[in-house]
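This report refers to the structure that appears directly beneath it.
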Amino acid sequence: MKTVSNNVYAFSKDNPPELTVPSGSVVKFVTKDCFANQITSENCKNALASFNWNTVNPATGPLAIEGAEPGDALRVEIQKIDLTGESAVLMTGKGLGICQKDFESLEARVVRVRQGFVEFSDKIKLPVRPMIGVIGVAPAGEAVNNGTPDEHGGNMDCKEIVQGAAVYLPVNVKGALLAMGDIHAVMADGESGGTGAEMPAEVTVKVDVLKNFPLPTPLIENDNCYMAVHSAKTADEAIQHAVFKAVRLVMEKIPGTSRYDAVTLVSLAADLRICQVVDPLITVRCELPKKLFE
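Heads up: the sequence shown begins at 711 in the numbering used here, then just goes up one per residue.
If you want it as structure tokens, here you go:
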């Protein structure tokens, strides 16, 4: 299996690929945590004094896929997420998260991760559910920093991008230039405090180029549903466009469905969920059960 480990800090058509592979390849991405592994249990109390904010949210890659051309879609199947290390970093406070105005400073904590649990405290242990916060491809235009989600993917912070899921992304430039990082041991919808339980990891994926892909992207698929994803400056706009994408998905998956019927079906059967509300754009997903299309 081939491995990529180079770090980039923006999704850009100008990033040279670390590796080029054929469609259908399985590749391992070796990732740092969103703080570039700068905070440890040993230096946690003093780490912020010398913290390099320019290296936040490193993404591993990019990976180029042979045959990927603008107008195609890239299917990224998440085969395995192996967390590395025995601790996760949490951070919140001034300038970070929904409650940032309640604080006068930032605070970082390091918690143990063992035996399948994040040990938040002596009494509170949260089951580990590893997920990918940042995954995307190069946009056709200007570079987009890794902290910002958009139509290329990026920092969507969707807790359903887990082992066994597949992410569909638009191909905007030759080779697609896939990169990913910002792995969380666990994170709730919203990521309201500003971070998940941040950890380095090794992520194994299978990449496939899809020609003439009719469905809206970014799109997430698991065993039970399709999730149409949209990021926007406001929650209202993100919700609106996630629903628009879900309606389009219904009309593509059930040929002959009128827009009236598609909108009604989405209203009856599709759940709107907030992925995150703390990045420069807010990300929402609209979940459609697969049983609708059987």
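All residues carry an ideal CB built from backbone N, CA and C; glycine is no exception.
**Asked** Are Asp867 and Thr993 touching if we call contact CB-CB under 8 angstroms?
**Response** On the sequence shown, residue 867 is found 157 positions in, with the first residue counted as 1. On the sequence shown, residue 993 is found 283 positions in, with the first residue counted as 1. Cβ distance < 8 angstroms, so Asp867 and Thr993 count as in contact.
**Asked** Is Tyr970 buried or exposed, if buried means 16 or more other CB atoms sit within 10 Å of its CB?
**Response** Here residue 970 corresponds to residue number 260 of the sequence shown, with the count starting at 1. Answer is exposed; the Cβ neighbour count stays below 16.
**Request:** Check whether the Cβ atoms of Val737 and Leu773 sit closer than 8 angstroms, and answer yes or no.
**Result:** Residue numbering aside, residue 737 sits at position 27 when the sequence shown is read from its first letter. Residue numbering aside, residue 773 sits at position 63 when the sequence shown is read from its first letter. Contact flag set, yes.
**Asked** Which residues does DSSP pair with Asp946 in a beta bridge?
**Response** By 1-based counting over the sequence shown, the position of residue 946 is 236. Note: Asp946 sits in no beta bridge, so no partner.
**Prompt:** Can the beta-carbon of Ala769 be found closer than 8 angstroms to that of Ala889?
**Reply:** Looking up residue 769 in the sequence shown gives position 59. Looking up residue 889 in the sequence shown gives position 179. Contact flag set, yes.
**Residue interval of the alpha helix (DSSP H) (run including Thr974)** = The residue you call residue 974 lines up with position 264 of the sequence shown. Arg969 to Ala979 is the extent of the alpha helix (DSSP H) around Thr974.
**Asked** So, Tyr878 versus Thr927, is the Cβ gap smaller than 8 angstroms?
**Response** One-based indexing of the sequence shown puts residue 878 at position 168. One-based indexing of the sequence shown puts residue 927 at position 217. A contact, by the Cβ cut-off of 8 angstroms.
**Message:** Along the chain, where does the beta strand (DSSP E) containing Phe827 start, and where does it finish?
**Reply:** The residue you call residue 827 lines up with position 117 of the sequence shown. Here the beta strand (DSSP E) through Phe827 covers Phe827 to Glu829.
**Length of the line joining the Cα atoms of Ala783 and Asn882** = Within the sequence shown, residue 783 is the residue found at index 73, counting from 1. Within the sequence shown, residue 882 is the residue found at index 172, counting from 1. Cα to Cα, the separation comes out at about 9 angstroms.
**Asked** According to the Cβ coordinates, are Leu793 and Pro840 closer than 8 angstroms?
**Response** Locating residue 793 in the sequence shown gives position 83, counting from the first residue. Locating residue 840 in the sequence shown gives position 130, counting from the first residue. Result yes, Cβ atoms of Leu793 and Pro840 sit closer than 8 angstroms.
**Request:** Tell me, please, which residues DSSP counts as bridged to Ile842.
**Result:** Within the sequence shown, numbered from 1, the residue matching residue 842 stands at position 132. Bridge partners of Ile842: Ile893.
**Asked** Beta-carbon separation of Ser735 and Ala848 under 8 angstroms?
**Response** As a working mapping, residue 735 is identified with position 25 in the sequence shown. As a working mapping, residue 848 is identified with position 138 in the sequence shown. Cβ atoms of Ser735 and Ala848: not closer than 8 angstroms.
**Request:** Could you tell me whether the Cβ atoms of Leu982 and Thr905 are closer together than 8 angstroms?
**Result:** Translated into the one-based positions of the sequence shown, residue 982 becomes position 272. Translated into the one-based positions of the sequence shown, residue 905 becomes position 195. For Leu982 and Thr905, no; Cβs fall outside 8 angstroms.
**Prompt:** Are the beta-carbon atoms belonging to Ile749 and Ile871 less than 8 angstroms from one another?
**Reply:** Translated into the one-based positions of the sequence shown, residue 749 becomes position 39. Translated into the one-based positions of the sequence shown, residue 871 becomes position 161. Not a contact, by the Cβ cut-off of 8 angstroms.
**Request:** With DSSP as the reference, please indicate the residues paired to Val821 in a beta bridge.
**Result:** Translated into the one-based positions of the sequence shown, residue 821 becomes position 111. Bridge partners of Val821: Ala798.
**Prompt:** When we look at the beta-carbon of Gln825 and count the other beta-carbons within 10 Å, is it buried (16 or more) or exposed?
**Reply:** In the sequence shown, the residue the question calls residue 825 occupies position 115. By the beta-carbon neighbour count (other beta carbons within 10 angstroms, threshold 16), Gln825 is exposed.
**Message:** Taking only three categories from DSSP, how would you classify Met866?
**Reply:** In the sequence shown, counting from the first residue as 1, residue 866 sits at position 156. Looking at Met866 - three-state DSSP - the assignment turns out to be coil, as it is neither helix nor strand.
**Asked** Are the CB atoms of Ala911 and Val896 nearer to each other than 8 angstroms?
**Response** The residue you call residue 911 lines up with position 201 of the sequence shown. The residue you call residue 896 lines up with position 186 of the sequence shown. No, the Cβ-Cβ distance between Ala911 and Val896 is not below 8 angstroms.
**Met711 burial status per 10 Å Cβ neighbour count (16 or more: buried)** = Counting from 1 along the sequence shown, the entry for residue 711 is found at position 1. Its Cβ having fewer than 16 others within 10 Å, Met711 is exposed.
**Asked** Measuring CA to CA, which of Pro990, Val988, Ile984 and Val913 is closest to Glu997?
**Response** Here residue 997 refers to the residue found at position 287 when the sequence shown is read from its first residue. The shortest Cα separation from Glu997 among Pro990, Val988, Ile984 and Val913 belongs to Ile984.
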